[in-house]
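Engineer: Start counting the sequence shown at 141; every next residue gets the next number (the working numbering). Just so you know, even glycine gets a beta-carbon here, dropped at the ideal spot from N, CA and C. Every value quoted in this text rests on a predicted model; they were computed, and no experiment measured them. My structure is below; once you've seen it, I'll send some questions.
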Amino acid sequence: MQRSRMGHHKSCHFNINTKKKNKENFEPEFTELKLSLRESYAELNKHQRDVAVAITKLLPKDINLINDIQWKHSKLCPLNTDERLICNNLLEVNKLLTKLAESKASRIVAVHRTITNKGSKSPGISNDSLPTTNKQYVILVNWLRYNMRHPNRYQTSPLDRVYIPKKKDVKIKHYPSKLSNDVFKEDKNLRPISIPSIKDRCLQAAYLNAYQVVSEYFADPHSYAFRPGRSPAWAAHSIAAMLRGPFQATWALEIDISKCFDNICHDFISKTSIGIPKEILNKWLKQGYILRNHDYLGKQPTEKGIPQGGVISPSICNMTLDGLTLVIEKELKKLRAVGRINKSNAGYVRLTSTSKLFKLFRFADDIVVLTRSRYIALLVQEIIKNFLDTRGLQLSLEKTKLTDLSGGRAYFKFVGYGFLKRTYWHNSKWYIVPPPENIKSIKNKLRLISRNKSSIAELFYKYNVSLQSWINYYMTTNCSKHLNDLNSWVFINFYFALERRIRKAKQQFFIKHLEKSKIKYNKKRHHFSRRVIYKIINSKYRTYIPYRNSKIKWYVIKNHTKFRNSVYILYCPKVTRLIRNFPLTACNLNYFLDDVKIFDININYSYGVRHRVYKKNLKKYGKLSCEGCRNTVLNKASLVLHHVLPVSYGGKSTDTNLKIVCTECHKLIHTSVASRDLDNCLLYINEKLLKIPDNVFKMLFSNVNCL
């Protein structure tokens, strides 16, 4: 039976001989759609690249100029010849974007992304269920086509609003309850998250495929949030490069917008939208919401703001704040022409261009401006305030800070990174450091995990996941000292967590044994000394493993099964290899035109075997892509290094034995071996994604007739 690789996509079920015959395998390739998922992803990438090239030829890069022309055109004001030409080009661009959004490839990809997303299980207010069969998948894709062709007939369902705490450590006194007499009061520590229905999310994802090309073209050079290929590490290292370079900033202005997503003006969005029909966009904006557990209050209107749980809302937020650097440059040029800016005011900078007066970095609604003088920093703050007033936004005066960087130990924060200045013998240098608040938060998280009633194997797993995710975020910083301190704290805390679990288990066993002999349990008499528990931990849960000619303590559990040994090793923060040399290139890169360069930046700050495996994948496919389903992957977090010959069967972590696979394909490969599914195992062996020794293969599939 010949099957294509598309059958191994992460949305598909691989078991051919299922026990329940009523269920249909969810495989979009063998349906009426005629386009497989792999082909649709490839076709969508080609369309996006063609549209990106067309936009660069037709439109200027100043989004504020285009917004002014659109406003004049709506008010029937007279236009110049250049403005008329831009209006005609805008119509052509809108036609190209509607073709891209309405294409079959973009609709298939949109449905697939909403189904495989982490938040796909939340259905919203409507009782729509996720498509689990081919027919349901086809119906949803055709529903998108009908509503795109007839936008006036499209009807939205209200949003499902939930309030969550802004910080994990904060305890909420008042939270929405199910009582009808209770009146909900909004708290400063709560953040509203509005979740649309599944159908609305699919339609938003279809239009996002086109809208993302526009937002990438008009994006500011130093905006790093909600853009493909960008990361917070790139933002942090670009700021550090600017501080260490010849610019020599002496003032840092930290700006924060109060409730950015909740207060954006709807009129501004509808006027400045490119690529989305206004009928559909206005229905999304005036969608309304219903508070969860407060159905008696009914539907509440949405007069301003964008839902934080929406698919397209982050890119809309980026588009509203784009063009800020150009506005500041124009305003400063006017002030320089009048004579309000001099060399003394500007911090003795050459006034050849206004771009040398300031450097702006943005991550969503968090903004940092570096300047040489306090006077220019205050001018920039006023300009940003006027810029936000037109969009219905305001600065949060509590969080805006102006810090002096000329001191010996200057410090400021941005995107969870701390920037610290140290002076040694009249020589100063800037370092990227994890802030002390975030170190406290990871310690509190690990304390809560240790206090939960979970088994020792679960404790190992939860500790490793939380530690690895935290350390991977700060891997590119100067945090070797912080990791050594955290290492000692982790092992002490983990030892006491093991001690508590062993003591409880021994007490329960002792009580049951005494009940049979009809003896009462006494804490003082039947007490376990720490010496006994120490011996149990050393014999079962602690071994010495050599690492670079030095023995380091690791905590290990070994459970012997029929075919392999399951080993749980505690992650050691001290051993992590830090990446100091982060590669930086031009900040004006467009993902849809210069995607290979962006991928090189994201790959080069990995190291060792991982670096070599990524390079092989790039040479083979041109982009980072899963070798199971062959889909391009924008996020490195969703990729896994898969051992072709498993470690339990003698496999080693070398270049020849490792391949890049997405998380879903990785699960499916291992479940095929665990469930002893012969058809899928043979398929993976033919595709060179799996190797099983002959002895183990006979033991696994000894009951199968074909052998």
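Just to check my reading of the structure: Ser398 and Ser337 have Cβ atoms closer than 8 Å, yes? What is that Cβ distance to the nearest angstrom?
Structural biologist: Contact doesn't hold; Cβ gap of about 29 Å is too wide.
Engineer: Would His806 and His782 be called neighbours here (beta carbons separated by less than 7 Å)?
Structural biologist: Contact flag set, yes.
Engineer: Where does Leu343 fall in DSSP's three states?
Structural biologist: Helix, per DSSP.
Engineer: Among His252, Asn458, Ile255 and Asp407, which has the Cα closest to the Cα of Gln352?
Structural biologist: When only C-alpha atoms are compared, the closest one is Asn458.
Engineer: Tell whether a beta-carbon distance below 7 Å holds between Asp300 and Gly264.
Structural biologist: Cβ distance < 7 Å, so Asp300 and Gly264 count as in contact.
Engineer: Buried or exposed: which applies to Lys499, given that a residue is buried once 16 or more other Cβ atoms fall within 10 Å of its Cβ?
Structural biologist: By the 10 Å Cβ count, Lys499 comes out buried.
Engineer: Do Ile203 and Gly463 have their CB atoms nearer than 7 Å?
Structural biologist: Against a cut-off of 7 Å, the Cβ pair of Gly463 and Ile203 comes out as a contact.
Engineer: So, are the CB atoms of Tyr347 and Ile414 less than 7 Å apart?
Structural biologist: Contact flag unset, no.
Engineer: Grab the span of the beta strand (DSSP E) containing Val193 for me, first residue to last.
Structural biologist: Looking at the DSSP string, Val193 is not in any beta strand (DSSP E); the run it does join, the alpha helix (DSSP H), is Leu177 to Leu198.
Engineer: What residue from Tyr303, Lys680, Trp283 and Ala392 has the CA that sits closest to Tyr294's CA?
Structural biologist: When only C-alpha atoms are compared, the closest one is Trp283.
Engineer: For Leu510, list the residues DSSP reports as bridge partners.
Structural biologist: Paired residues: Ala392 and Lys499.
Engineer: Quick one: is Asp506 buried, meaning 16 or more other Cβ sit within 10 Å of its Cβ, or exposed?
Structural biologist: Asp506 is buried by the Cβ-count criterion.
Engineer: Per DSSP, what kind of secondary structure is Asp360 in: helix, strand or coil?
Structural biologist: Note: Asp360 maps to coil in three-state DSSP.
Engineer: Alpha carbon to alpha carbon, how far is Trp391 from Asp544? Give it in angstroms, no decimals.
Structural biologist: So the alpha carbons of these two residues sit roughly 5 Å apart.
Engineer: Compare the Cα-Cα distances from Ser793 to each of Glu538, Asp340 and Gly748 and report the closest residue.
Structural biologist: For the residues Glu538, Asp340 and Gly748, the minimum Cα distance to Ser793 belongs to Gly748.
Engineer: Over what stretch of residues does the beta strand (DSSP E) that includes Asn567 continue unbroken?
Structural biologist: Unbroken beta strand (DSSP E) run through Asn567: Asn567 to Val573.
Engineer: Per DSSP, Ile304 is paired with what?
Structural biologist: Per DSSP, Arg331.
Engineer: Going by DSSP in three states, Thr725 sits in which element: helix, strand or coil?
Structural biologist: Of the three classes helix, strand and coil, the one that applies to Thr725 here is coil, per DSSP.
Engineer: Going by the CB atoms, is the gap between Val787 and Asn797 shorter than 7 Å?
Structural biologist: For Asn797 and Val787, no; Cβs fall outside 7 Å.
Engineer: Does the distance from the CB of Ile279 to the CB of Val302 come in under 7 Å?
Structural biologist: Cβ distance not < 7 Å, so Ile279 and Val302 don't count as in contact.
Engineer: Note the first and the last residue of the continuous beta strand (DSSP E) segment covering Arg480.
Structural biologist: From DSSP, Arg480 is part of no beta strand (DSSP E); its letter is neither H nor E.
Engineer: Take Lys306 as the anchor and find which of Lys275, Ser260, Arg331 and Val478 has the nearest alpha-carbon.
Structural biologist: Looking at the Cα atoms, Arg331 is the closest of the given residues.
Engineer: Would you check if the distance between the CB atom of Thr494 and the CB atom of Glu522 is smaller than 7 Å?
Structural biologist: Contact: no.
Engineer: Relative to the C-alpha of Leu497, which residue among Phe408, Ala504, Ile709 and Thr465 is closest?
Structural biologist: Of Phe408, Ala504, Ile709 and Thr465, the residue nearest in Cα terms is Thr465.
Engineer: Given that a residue counts as buried once 16 or more other Cβ atoms are within 10 Å of its Cβ, and exposed if not, what is Asp360?
Structural biologist: Result: buried.
Engineer: Taking all protein chains shown into account, decide if Ala245 is buried (16 or more other Cβ within 10 angstroms of its Cβ) or exposed.
Structural biologist: Ala245 should be labelled buried.
Engineer: Once DSSP output is grouped into helix, strand and coil, what is the label at His377?
Structural biologist: Helix.
Engineer: Smallest Cα separation from Gly449: which of Thr254, Lys646 and Lys828?
Structural biologist: Nearest C-alpha to Gly449: Thr254.
Engineer: State the CB to CB distance for the pair Ala389 and Tyr557, rounded to an integer number of angstroms; the pair is presumed to be in contact (CB under 8 Å).
Structural biologist: Not quite, the Cβ-Cβ distance comes to about 16 Å (not below 8 Å), so this is no contact.
Engineer: By how many angstroms is the C-alpha of Ser546 removed from the C-alpha of Ser513?
Structural biologist: Rounded to the nearest angstrom, the two C-alpha atoms are 11 Å apart.
Engineer: Grab the span of the beta strand (DSSP E) containing Arg783 for me, first residue to last.
Structural biologist: Per the sequence shown, residue 783 should be read as His rather than Arg. Element bounds for His783: Leu779 to His783.
Engineer: Flag this pair as touching only if the region 620-637 and the region 574-583 have three or more C-beta atom pairs under 8 Å; answer yes or no.
Structural biologist: The answer is yes - the region 574-583 touches the region 620-637, with three or more Cβ pairs under 8 Å.
Engineer: Please check the pair Cys400 and Lys444, which I expect to be a contact at CB under 8 Å, by giving their CB distance rounded to whole angstroms.
Structural biologist: Wrong, their Cβ atoms sit about 11 Å apart, outside the cutoff.
Engineer: Near Asn678, what residues of its chain come up, given a Cβ to Cβ distance below 6 Å and the 5 sequence neighbours on each side ignored?
Structural biologist: Nothing meets the Cβ criterion.
Engineer: Pull up the DSSP beta-bridge partners for Tyr557, would you.
Structural biologist: According to DSSP, which records beta bridges pairwise, Tyr557 is partnered with Phe554.
Engineer: I'd like to check one pair, Ala637 with Ser590: are the Cβ atoms closer than 7 Å?
Structural biologist: Yes; because the gap between Cβ atoms is below 7 Å, this pair is in contact.
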